[in-house]
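These notes are about the structure you will find just below.
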Amino acid sequence: MLGEGIIKGMAETARNFLGSYVSDERLTTVQYPEERSPQIENARQFPFLVFDGNDPTKGLRCVACQICEKECPPKCIYIVKSKDKRPDYKGQMQLYPATFDIDLSVCMSCQICVEVCPFESIKMDTAYELSTSDRFGGLVMHKHQLAKPNDHYRKIHPTDAAVSDAALAAEIAKAQAKARADTEAKAKVAAENKTKAAAAPAPAAPVVATA
Ligand code: SF4
Ligand code: SF4
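Just add 414 to the spot in the sequence shown (first one is 1) and you have this note's numbering.
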């Protein structure tokens with residue numbers, strides 16, 4: 415029925431207005447900024463970069479693959495790759511972002527950057543009190559401002575963070591198993607070569623010509 419949604423909305427508003435005189439549960443507004451409503455777990459505002467450990471410069475998961483930069487619809491991510499490499503969470507040498515900026519004044523909180531990132535490196539934050547009087551660059555967030563620890567992610571999105579942690583733990587276990595298998599294979603080849611060398615007949619003594 416045309417307008418059914420409006421009628422339902424008005425009925426809910428009336429129920430809350432009248433109910434608020436008798437029940438605190440019907441008080442749907444708070445005295446902001448003195449009070450803040452708790453955010454639901456899947457609330458999302460703007461992206462941040464996850465780092466492991468205590469040092470954002472070493473623990474940043476981002477490997478500067480630039481997929482998020484390419485896929486961001488309003489093109490508000492700017493990345494410059496590093497010239498050198500450093501070990502990632504699996505111990506593999508990877509590039510890292512020398513520059514990673516997001517212009518939050520352009521970001522539309524679509525979360526596409528999060529969906530396309532293959533490395534669990536970028537997630538949506540719940541912080542929203544970011545207003546500034548500087549409209550030209552005041553909301554361009556740089557790498558050091560975007561970097562937040564994995565514990566922050568666990569705190570704001572515990573369910574998603576548990577899935578992410580499990581995926582990374584599985585990747586690390588897989589990488590460690592492969593490294594072990596490679597080491598064992600190399601040791602086996604070396605042992606076989608040694609056995610073959612020991613079993614090979616000794617070279618014949620050179621024949622000395624006599625006059
Ligand atoms: S949330 Fe959307 S608009 Fe914002 S940086 Fe990510 S992809 Fe771009
Ligand atoms: S945040 Fe993810 S998708 Fe974006 S550059 Fe870093 S690793 Fe690649």
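All C-beta atoms, glycine included, are put in the ideal place defined by N, C-alpha and C.
Asked                                                                                       : Found
DSSP three-state assignment for R500, whether helix, strand or coil                         : strand
Residue range of the alpha helix (DSSP H) that includes K569                                : N564 to I570
Distance cut-off 7 Å: S578 Cβ against heavy atoms of ligand 1                               : no
Rounded C-alpha distance that separates M522 from A457                                      : 14 Å
Reduced DSSP category for T443 - H, G, I as helix; E, B as strand; rest coil                : coil
Three-way DSSP call (helix, strand, coil) for F431 in this model                            : helix
First through last residue of the beta strand (DSSP E) which encompasses T471               : Premise fails: T471 lies in the alpha helix (DSSP H), P470 to G473, not in any beta strand (DSSP E).
Alpha helix (DSSP H) runs wholly inside the region 526-552, at least 4 long, in chain order : 526-530
Candidates K472, A614, P615 and F431, of which the one nearest Y368 by Cα                   : Residue 368 falls outside the range modelled here, since the chain spans only 415 to 625, and no answer is possible.
Between the CA atoms of T443 and Y435 - distance to the nearest angstrom                    : 13 Å
Check whether Q525 and M538 have beta carbons under 8 Å apart                               : yes
Exposure of I454, with buried meaning 16 or more beta-carbon neighbours within 10 Å         : exposed
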